[in-house]
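S.K.: Residues in the sequence shown are numbered from 24 upward in steps of one, following the numbering used here.
Let me give you the structure first, and then I'll get to my questions.
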Amino acid sequence: MIRNLVAMLTGQLGGALAIGLVQSVSVSMYPPAPGADLQDPAQLAQFVASMPLGAFAMLELSYICGSFIGGFVTASIATERHIAYATVVGLAFTVAGCVNLFTIPHPIWVALMTTLTYVPLCYLGARLALKVSGKPKTAAEDEATVAIAE
C-alpha cells in the first residue's frame, strides 16, 4: 500500500516537472512584455488574453506531456491497480487544473481542452507502462496475478 501511495505521489511529481519544463520552454518562446508583473492578477489576465495560439498550443502540450508521464510513472511503480492509481493522478491534475482555470482567466476552448486532457493521457501513459513492463493491464489480471503468486 505504501508503494502505491509513493507511486501516485511520484507520478504527480514527475508529471508536474514535465509540465513545468514544457511551460518554461513556452515562456522562452512567448515571453511576457518587459516589466510585466505576472504576480499581479490583472497583468496576468492581460498577458493570458494576449497570448498567441502557439502559446496555448504549448500550454496544452505541457498538460499532455505531464499527464502522460504522470500516468506512466505511477503505473510503473504501483504494485497493483495500475490503471486506477494512474487515474487518481489524472483526477488530481484535473482538480489542480480547474483551480488554475478559476484563478487565471482562459479562453473557454482552452479550459475545455485542458480539463479533458488529464485523465485520458494518464490512462494512456499507464497503458504504455504496463505494455513495456509486462504488468497486468486490468483488475481481473491483477487479481489473477495475485492468486497465482499465492
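Ideal Cβ positions, reconstructed from N, Cα and C, are used throughout, including at glycine.
Computed from a predicted structure; not experimentally measured.
Please go through the region 50 to 105 and give each complete alpha helix (DSSP H) segment of 4 or more residues, from N-terminal end onward.
M.R.: Correct list: 64 to 72, 76 to 100.
S.K.: Which one of V112, P130, A39, F125 has the shortest CA to CA distance from C145?
M.R.: Nearest option by C-alpha distance: V112.
S.K.: Would you call the CB atoms of A56 and F70 closer than 9 Å?
M.R.: Result yes, Cβ atoms of A56 and F70 sit closer than 9 Å.
S.K.: Rank M24, I25, G34, A68 by C-alpha distance to the C-alpha of T110 and give the top, closest one.
M.R.: The option with the nearest alpha carbon to T110 is G34.
S.K.: Do you know offhand how far A101's Cα is from A65's?
M.R.: So the two alpha carbons sit approximately 42 Å from each other.
S.K.: Here's a check: name, in chain order, each residue in its chain whose Cβ is nearer than 8 Å to the Cβ of R26, leaving out the five neighbours to either side.
M.R.: Counting only Cβ-Cβ distances below 8 Å, and skipping sequence neighbours, we find I100, A101, T102.
S.K.: Should A72 go down as buried or exposed, given a rule of 16 or more other Cβ atoms within 10 Å for buried?
M.R.: A72 comes out exposed.
S.K.: Report all residues from its chain with a CB closer than 7 Å to the CB of K158; omit the five preceding and five following residues, and keep chain order.
M.R.: Cβ neighbours of K158 beyond the five flanking positions: H105.
S.K.: Using 9 Å as the threshold, is the C-beta distance between A115 and G148 below it?
M.R.: Going by C-beta atoms, A115 is not nearer than 9 Å to G148.
S.K.: Alpha carbon to alpha carbon, how far is F91 from G58?
M.R.: Distance between the alpha carbons of F91 and G58 is about 35 Å.
S.K.: Taking C-beta to C-beta, are I127 and C88 nearer than 9 Å?
M.R.: Not a contact, by the Cβ cut-off of 9 Å.
S.K.: State yes or no: is the C-beta of T117 within less than 9 Å of the C-beta of H129?
M.R.: Contact: no.
S.K.: Between the Cα of R150 and those of S85, Y53, F125, G93, spot the shortest distance and give me the residue it belongs to.
M.R.: Nearest C-alpha to R150: G93.
S.K.: So is V122 buried or exposed if we call it buried at 16+ other beta carbons inside 10 Å?
M.R.: Exposed, by the Cβ-count rule.
S.K.: Report yes if the C-beta distance between Q46 and L76 is below 9 Å; otherwise report no.
M.R.: No; because the gap between Cβ atoms is not below 9 Å, this pair is not in contact.
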